[in-house]
Every structure is written in C-alpha cells, then in structure tokens.
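Q: Before I ask anything, let me first share the structure, which is written out below as structure tokens.
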Amino acid sequence: MLTAIALLLAQAAAPTCAHDRDAMLKRDFSSFDQDMAVGWRSLSMRGCETQAADLIRDYRSANAVPPERVGLLYWHEGQLRANLGQTAAAIALFEKAYKTPEQDRGFGWNLYVDGSIAFLRRDRAALDTARAALAAVPRPAGFDPRGPDGKPIAVRWPMNLAVLDGFQRCWDQPYKTAYVCPPTVGTAPAPR
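Numbering (the numbering used here), first residue to last: 12 to 203.
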C-alpha cells in the first residue's frame with residue numbers, strides 16, 4: 012500500500028510532457044521560439060527540458076529556418092542540453108550559434124558564446140577573458156530595444172554580462188544553477 016501511494020505521489024509530481032508535436036513543428040519561427048505558451052518554452056517551463064531540446068532539434072530539421080535565425084535555435088537547444096548535464100552536446104550546439112562579425116557588430120554575442128563555452132569546458136581563464144571583453148563593449152549608438160508591444164524596455168548593458176558574472180560567482184555549480192546565480196549580497200559589483 013505504501014509503495015502504491017509513493018508511486019501515485021511521484022506521478023502527481025512528475026511534469027506532464029504531453030504536447031502536439033506536429034502542431035508545434037508547423038509553427039512560424041517567432042511563435043515556436045519566443046512564445047511561452049505554444050512553443051518549445053511551454054515544455055521547458057513544465058520541466059520537460061529533454062522533450063523541449065528534442066523538439067528544437069526536430070524543428071530545425073523540419074523547417075527551412077533562415078540562416079540568421081537558426082543560430083538562436085542551436086543556442087536554445089544547447090542551453091537545454093547544458094541544463095540536462097549533456098555538456099559535450101551543449102558545447103557542439105553553442106559552437107553553431109556564433110554570429111558573423113557583421114551580425115554581431117557592437118553587441119558582443121560571440122563573447123557571450125565564448126564565455127558560456129568556457130564555463131562548460133571548465134576553463135576559468137577563458138571565461139574571465141570573455142567576460143572582460145564583453146564588459147568593454149560600448150552600448151551602440153541608437154540602441155533602442157522595444158518589447159512586443161512596441162514600448163521601450165530597459166536592457167542592462169552589455170547584454171548577457173550578468174550571465175557571465177553568474178558563471179564566475181557560481182563556478183563550482185552546474186550550468187543550470189550558475190546561469191541564474193544571483194549577485195552576492197553586500198559585495199561590490201564586478202568591474203564594468
């Protein structure tokens with residue numbers, strides 16, 4: 012009886028990963044990648060990271076994703092694989108997420124990728140180098156980020172610096188923990 016109750020509790024606590032795979036694979040890129048309610052993120056938010064990562068992989072195969080956008084899918088699948096502890100797969104995917112110098116001009120995306128890969132490879136010197144280089148990227152003139160509603164949104168500059176800072180602070184933690192590692196209370200902020 013106790014085993015049956017334990018099994019029922021475990022099943023109740025387990026995420027429901029059911030989804031309409033075919034419908035998700037037919038979504039346009041923006042709703043598949045960015046919509047929290049209907050794309051891969053809806054699975055990830057339910058704790059179904061393996062299913063979400065596999066769905067992103069399958070979406071890339073099933074759809075003609077423009078070259079300037081496919082890197083974002085490699086990146087998001089890589090993040091999910093890193094969260095799952097699939098480090099080699101995550102690194103391989105992150106390496107496909109680099110932007111061309113023209114696409115990255117002034118934003119430091121490739122430095123963020125460098126720092127993330129360095130964290131996964133456990134290369135502290137490379138992480139520190141990438142973080143310092145990203146911190147030195149000046150805010151581009153005319154940078155005016157807007158939300159989906161067209162209203163201005165506040166963006167900490169340089170973008171993604173807080174993630175690399177978290178990797179430094181939580182160096183001995185897994186990717187999933189370090190990615191959201193909060194600033195240490197009562198300490199001076201890292202040099203900008």
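Ideal Cβ placement from N, Cα and C applies to all residues, glycine included.
#1: If you reduce the DSSP assignment to three classes, tell me which class Pro78 lands in.
#2: Put Pro151 into one of helix, strand or coil per three-state DSSP.
#3: Whole angstroms are fine: how far does the CA of Thr27 sit from the CA of Leu175?
#4: Smallest Cα separation from Leu66: which of Pro77, Ile164, Val191, Tyr85?
#5: I'd like to check one pair, Phe154 with Ser127: are the Cβ atoms closer than 7 angstroms?
#6: Is the beta carbon of Trp51 less than 7 angstroms from the beta carbon of Ala34?
#7: Between the segment 126-146 and the segment 181-193, do at least 3 Cβ pairs fall closer than 8 angstroms?
#8: Can you confirm whether the segment 35-51 touches the segment 74-94 when touching is taken to mean that 3 or more C-beta pairs between the two stretches lie within less than 8 angstroms?
#9: Who are the Cβ neighbours of Asn94 in its own chain at under 7 angstroms, not counting the five residues just before and after it?
#10: Mapping DSSP to helix, strand and coil, what is Arg157?
#11: For the alpha helix (DSSP H) containing Pro51, name the first residue and the last one.
#12: For the segment 64-127, list the alpha helix (DSSP H) runs that are entirely contained and at least 4 residues long, ordered along the chain.
#13: Pull the bridge partners of Pro163 from the DSSP assignment, please.
#14: Residues in the same chain with beta-carbon distance under 7 angstroms from Glu79, minus the five sequence neighbours each way, listed in chain order, please.
#15: Which whole-angstrom value describes the C-beta separation of Ser42 and Val49, a residue pair presumed to lie in contact below a C-beta threshold of 8 angstroms?
#16: Does the beta-carbon of Val124 have 16 or more other beta-carbons within 10 angstroms, so that it is buried, or is it exposed?
#17: Would you kindly work out how many angstroms separate the C-alpha atoms of Thr198 and Leu138, rounded to a whole number?
#18: For Pro156 versus Ile164, is the C-beta distance shorter than 7 angstroms?
A: Quick answer:
#1: As a working mapping, residue 78 is identified with position 67 in the sequence shown. Pro78 falls in the helix class under three-state DSSP.
#2: Position 140 of the sequence shown, counted from the first residue, corresponds to residue 151. Pro151 sits in coil when the DSSP states are folded into three classes, being neither helix nor strand.
#3: Indexing the sequence shown from 1 puts residue 175 at position 164. Indexing the sequence shown from 1 puts residue 27 at position 16. Answer to the nearest angstrom: the Cα atoms are 32 angstroms apart.
#4: Indexing the sequence shown from 1 puts residue 66 at position 55. Leu66 has its Cα closest to that of Tyr85, out of Pro77, Ile164, Val191, Tyr85.
#5: Start at 1 with the first residue of the sequence shown, and residue 127 comes out as number 116. Start at 1 with the first residue of the sequence shown, and residue 154 comes out as number 143. No. Outside cutoff.
#6: As a first step, residue 51 must be located in the sequence shown, where it is residue number 40. As a first step, residue 34 must be located in the sequence shown, where it is residue number 23. It is not a contact, given that the beta carbons lie outside the stated cut-off.
#7: Yes, they touch.
#8: Per the Cβ contact rule, the segment 74-94 is in contact with the segment 35-51 (3 or more Cβ pairs under 8 angstroms).
#9: In the sequence shown, the residue the question calls residue 94 occupies position 83. So the qualifying residues of the chain are Glu60, Tyr186, Lys187.
#10: Indexing the sequence shown from 1 puts residue 157 at position 146. In the three-state reduction of the DSSP assignment, Arg157 falls in the strand class, which pools E and B.
#11: In the sequence shown, residue 51 corresponds to position 40, counting from 1. One detail in the question is off: residue 51 reads as Trp in this sequence, not Pro. Its alpha helix (DSSP H) spans residues 51-55.
#12: 78-94, 98-106, 112-115
#13: For the purposes of this step, residue 163 is identified with residue 152 of the sequence shown, where counting begins at 1. Arg157.
#14: Residue mapping note: residue 79 aligns to position 68 of the sequence shown, counting from 1. Within the same chain, Glu79 has close Cβ partners Gln114.
#15: Translated into positions along the sequence shown, residue 42 becomes position 31. Translated into positions along the sequence shown, residue 49 becomes position 38. Going by Cβ atoms, the distance from Ser42 to Val49 rounds to 6 angstroms, so yes, they are a contact pair.
#16: Taking the first residue of the sequence shown as 1, we reach residue 124 at position 113. Buried is the call here.
#17: As a first step, residue 198 must be located in the sequence shown, where it is residue number 187. As a first step, residue 138 must be located in the sequence shown, where it is residue number 127. Model confidence at Thr198 stands at a pLDDT of 48, short of 50, so the residue's coordinates are unreliable; what they give is reported in the following sentence. If you take the alpha carbons of Thr198 and Leu138, they lie about 21 angstroms apart.
#18: On the sequence shown, position 145 is the one that residue 156 refers to. On the sequence shown, position 153 is the one that residue 164 refers to. Result yes, Cβ atoms of Pro156 and Ile164 sit closer than 7 angstroms.
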